[in-house]
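Engineer:
Spelled out as structure tokens, the structure:
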């Protein structure tokens, strides 16, 4: 069974790695790695999974993900079409936790970053919506000399630590990697749900993706996500409904059916439960 431990290429004489991802879509498998990951999404949109949190990612999202925190940035389906005109672009820095203690990060002048690194165990996000000082520094990193990269990295982390818009993503914090086969099962389940949310999905079907009985799957899923399968499925469906409400002029009833709901009252109930607004109120808040 293929493990989902992601191997980040290392640079022997560096304490961190700067990486630019530029292509039609991002890596679309749920994965984890022992490095902390600081990422700016510059171009593209899609669904992100960070720990037990599922929602949208969009341009100028700046994220700090802790070591071994399962995550994936899955672009929308049209990014995977042949000859797609879309572009997925991000700028990232990968740091090993042990280097935080051994290098400049151990200096008392940087103690104020400790709470940020603790929050990173859950995933941290700041939504800028447009170019800003910190996002510009992230875009410049790969062009700088190593010393300049370190200064820019410290500037970005300092800015995140003091920004009141900082958002904690996952309820669950991951101290260490779970068994690789658990991550493979989760990846199978998330992939199946993201590909089939618009159609009826039974517990038996999704349990089969994890190669577990329905009762064993329910225990496994709650252990790893702190959610029930039905909670997660509703979150995915409502997340896509929100996207359609933002990007299309389709009637609410048609959006509900296209997201897998055969009962409009159930859609309205789940929508308000998750967003704290009715679909109509959500639309009005957009304009």
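Numbering (the working numbering), first residue to last: 32 to 318. Glycine included, C-beta positions come from ideal geometry on N, C-alpha and C.
If you drop the 5 nearest sequence neighbours on each side, which residues of the same chain put their C-beta closer than 7 Å to that of residue 168?
Structural biologist: Excluding sequence neighbours, residue 168 sits near 183, 186, 187.
Engineer: Just to check my reading of the structure: residue 92 and residue 158 have Cβ atoms closer than 8 Å, yes? What is that Cβ distance to the nearest angstrom?
Structural biologist: Confirmed, about 6 Å.
Engineer: Only counting runs of 3 or more residues, tell me where the beta strand (DSSP E) segments fall wholly within the segment 137-210, in order along the chain.
Structural biologist: You should have 155-158.
Engineer: Taking the DSSP output, what are the residues bridged to residue 74?
Structural biologist: According to DSSP, residue 74 bridges with 120.
Engineer: Using DSSP with H/G/I as helix, E/B as strand and the rest coil, what is residue 88?
Structural biologist: Strand, per DSSP.
Engineer: Where does residue 301 land, buried or exposed, given buried means 16+ other C-beta within 10 angstroms?
Structural biologist: Its Cβ being crowded by 16 or more others within 10 Å, residue 301 is buried.
Engineer: Using 8 Å as the threshold, is the segment 87-107 in touch with the segment 134-145, meaning 3 or more CB pairs across them?
Structural biologist: Touching, no, given that fewer than three Cβ pairs across the two stretches are closer than 8 Å.
Engineer: From the DSSP output, in three-state form, read off residue 54 for me.
Structural biologist: Note: residue 54 maps to strand in three-state DSSP.
Engineer: Would you mind working out which of 246, 101, 263, 119 sits nearest residue 1, comparing C-alpha positions?
Structural biologist: With the chain covering 32 to 318 only, the question about residue 1 has no answer from this structure.
Engineer: Tell me whether residue 228 sits in a helix, a strand or coil according to DSSP, three-state version.
Structural biologist: The answer is coil: DSSP assigns residue 228 none of H, G, I, E or B.
Engineer: Could you give the residue range of the beta strand (DSSP E) that holds residue 105?
Structural biologist: Residues 102-106.
Engineer: Closer than 8 Å by C-beta to residue 224: which residues in its own chain qualify, once you throw out the five before and the five after it? Chain order, please.
Structural biologist: Once the five neighbours on either side are set aside, the close Cβ partners of residue 224 are 232, 237, 263, 264, 267.
Engineer: May I ask you to report which of helix, strand or coil DSSP gives residue 313?
Structural biologist: In the structure shown, residue 313 sits in a helix (DSSP, three-state: H, G or I).
Engineer: Provide the residue span of the alpha helix (DSSP H) that contains residue 236, from first to last.
Structural biologist: Residue 236 -> alpha helix (DSSP H) spans 234-240.
Engineer: Could you check if residue 311 is buried or exposed, using at least 16 other CB atoms within 10 Å of its CB as the buried criterion?
Structural biologist: Looking at its Cβ environment, which holds fewer than 16 other Cβ atoms inside 10 Å, residue 311 is exposed.
Engineer: Grouping DSSP H, G and I as helix and E and B as strand, with all else coil, what is residue 62?
Structural biologist: The answer is strand: DSSP assigns residue 62 an E or B state.
Engineer: For residue 308, name the three-state secondary structure that DSSP assigns.
Structural biologist: In the structure shown, residue 308 sits in coil (DSSP, three-state: anything other than H, G, I, E or B).
Engineer: Considering only C-alpha positions, which residue in the set 292, 213, 305, 71 is nearest to residue 101?
Structural biologist: Among 292, 213, 305, 71, the Cα nearest to that of residue 101 is on 213.
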